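Here the structure is laid out as structure tokens; the discussion comes afterwards.
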Amino acid sequence: MRKVLGIDPGSRSIDLCLLCDGEVCEEASIDTSEASKDPYKVVDIVERIGGSDLVVLPSGYGVEITYLDEIPEEVFIDWFFMFILISDQEEIRRLASRGVEGAFIYDAMAKIVYEFKKRRVKGVFIPGVINLPTIPVYKKINKIDMGTADKLAVTVLGVHEISEKHDVDYEDVNYIHVEMGYGYNAVIAVRNGRIVDGVGGSLMPGPAFLTSGSLDLEIVQFIKRFDKSDVFSSGCSSITKIFSLEEWFRKIRDNDLAKTCFESMIDSVVKIVYSMTSVVKDPMEILVSGRVGRRDEVFNILRDRLRDVAPVDLMRGLEGSKVVKETAQGYAVVGDGLLGGRFERLIRHMKINEATGSSLDYVVLPRFFSTDLGRRYFRLRRFLKSQAYNINMLKGLLL
25 MRKVLGIDPG SRSIDLCLLC DGEVCEEASI DTSEASKDPY KVVDIVERIG
75 GSDLVVLPSG YGVEITYLDE IPEEVFIDWF FMFILISDQE EIRRLASRGV
125 EGAFIYDAMA KIVYEFKKRR VKGVFIPGVI NLPTIPVYKK INKIDMGTAD
175 KLAVTVLGVH EISEKHDVDY EDVNYIHVEM GYGYNAVIAV RNGRIVDGVG
225 GSLMPGPAFL TSGSLDLEIV QFIKRFDKSD VFSSGCSSIT KIFSLEEWFR
275 KIRDNDLAKT CFESMIDSVV KIVYSMTSVV KDPMEILVSG RVGRRDEVFN
325 ILRDRLRDVA PVDLMRGLEG SKVVKETAQG YAVVGDGLLG GRFERLIRHM
375 KINEATGSSL DYVVLPRFFS TDLGRRYFRL RRFLKSQAYN INMLKGLLL
């Protein structure tokens, strides 16, 4: 029996989905803040499940297919914070100690994966949207978040779901995926069963509950100083000072600021879905997933405002799944395909196995390499197999 475990590090919960020969056979979920305080709880769950042929690890912003044992022990922590989290250990620990909610998931991810490394777990990191060869380079320039690894994973699952629902081959699947999670939103375009474009949480033109989405460069230049906390503590929660998702939805009815932020969130999703029709001309449907996207007050509005684009439906996920989010299922589906299981043809068709590099490879701003992060990137990039677009470009300019 082929057993693959997918671990999705959500902003609110860490979900684990085990596939046995491509079917859901076990699930578990743990609160993210709890896992950050005691990462061994997640490790214990993995050991209790036991016997996995492959564990698909929390992969953050995504990298080319990289197995845990391919990364040298002496650089592993730096490598993980650099390419998976695009941060550094000291900053995340400082933010977590201040109680910054988004930092808990980063801290938990690092602790959990490092423990797996020490225990020699057969683990793999998977790509984000920007790593895929199915997206032309010109769409990637000066972008990092076209859809993180979890957004890629849920879209892989979406291609499978649309294929089965409409009884068509993977190459005939054309749809737009909307993922609206607790922290971040994303919109991914699929044409002929392959991801061809994406807008991730930090690129969306409006806020999610935790993140602000994209910012006007004029704002950036006059504020001048940002840190990682601004990525995950600048959304509707911070704007309204309402830190409970449930309370925020209640306040939308009678709090002008909460209502305005909600409208901004919906508007940004609708706007990007419409923009994706430039690459997916006739989508079969718009598939919605995520903790926020599943709420009636969100889904009903999306269905109404997007009805002229395509039918809007909620994602169903894999048969037999009762506990975990679709993103965890997607992680496991990718792993199953990499192992040559039930979803191998899907993974090969979508060219997940041909993904290259890191999410930082297309940052070509001249000052990038003079920053602390840029210098660390340049030093650590050699531990990935493929060449980096921006480093090759820099070398070409120096010749």
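Residue numbering for the sequence shown follows this note's numbering, beginning at 25 and increasing consecutively. Every residue, glycine too, gets a C-beta built ideally from N, C-alpha and C. Here the structure is a predicted model, which means the values were calculated and not measured.
Q | Any 3 or more C-beta pairs closer than 8 Å across the region 178 to 185 and the region 360 to 380 | A | Contact holds: three or more Cβ-Cβ distances are below 8 Å.
Q. In whole angstroms, what is the alpha-carbon distance linking T301 and V214?
A. Going from the Cα of T301 to the Cα of V214 covers about 10 Å.
Q.
Please state whether the Cβ-Cβ distance between K164 and I154 is less than 8 Å.
A. Yes, they are a contact pair.
Q: Go through its chain and collect everything with a Cβ distance to M417's Cβ below 7 Å, but skip five positions before and after it.
A: Closer than 7 Å at the Cβ level, and outside the excluded window around M417, lie V388.
**Q.** Limits of the unbroken beta strand (DSSP E) element including I31
**A.** Segment K27 to P33, the beta strand (DSSP E) holding I31.
Q) So, helix, strand or coil for L423, using DSSP? A) Any reading at L423 must be qualified, since the residue scores a pLDDT of 49, below 50, and its modelled position is unreliable; no value is offered.
Q.
Measuring only the C-alpha atoms, how far is D306 from R72?
A. Approximately 46 Å between the Cα atoms of the pair.
Q) At a Cβ threshold of 8 Å, is V28 touching chain D? A) Absent from the structure is chain D; it holds one protein chain and no more.
Q | C-beta contact flag for I371 and K252 at 8 Å | A | Result no, Cβ atoms of I371 and K252 do not sit closer than 8 Å.
(Q) Buried or exposed, going by whether 16 or more other CB atoms sit within 10 Å of the CB of G30? (A) Buried, since its Cβ has 16 or more Cβ neighbours within 10 Å.
Q.
Any heavy atom of the ligand GDP closer than 7 Å to the beta-carbon of G30?
A. With respect to small molecules bound, the structure shown includes none, and the ligand GDP cannot be examined in it.
Q) In chain order, what residues of the same chain lie with their CB nearer than 8 Å to the CB of E58, ignoring the 5 residues before and after it? A) Excluding residues within five positions, the ones whose Cβ falls inside 8 Å are K65.
Q. Run through DSSP, which three-state label would Y91 get?
A. Strand at Y91.
**Q.** Y199 - DSSP class collapsed to helix/strand/coil
**A.** Annotated three-state conformation of Y199 is strand, per DSSP.
Q) To which residues of the same chain is R315 closer than 8 Å at the C-beta, ignoring the five residues directly before and after it? A) If the five residues before and after R315 are omitted, its C-beta is found closer than 8 Å to the C-beta atoms of G34, R36, M204, G205, Y206, L269 and K349, all from its own chain and listed in chain order.
Q) Which residue comes first and which comes last in the alpha helix (DSSP H) that contains A334? A) Segment: none, A334 is in no alpha helix (DSSP H) and carries neither H nor E.
Q) Grouping DSSP H, G and I as helix and E and B as strand, with all else coil, what is S262? A) Helix, per DSSP.
(Q) Once the 5 residues before and after L423 are set aside, which same chain residues still bring their CB inside 7 Å of it? (A) Summary for L423: the model assigns pLDDT 49, below 50, so the residue's position carries little reliability, and this model does not support an answer.
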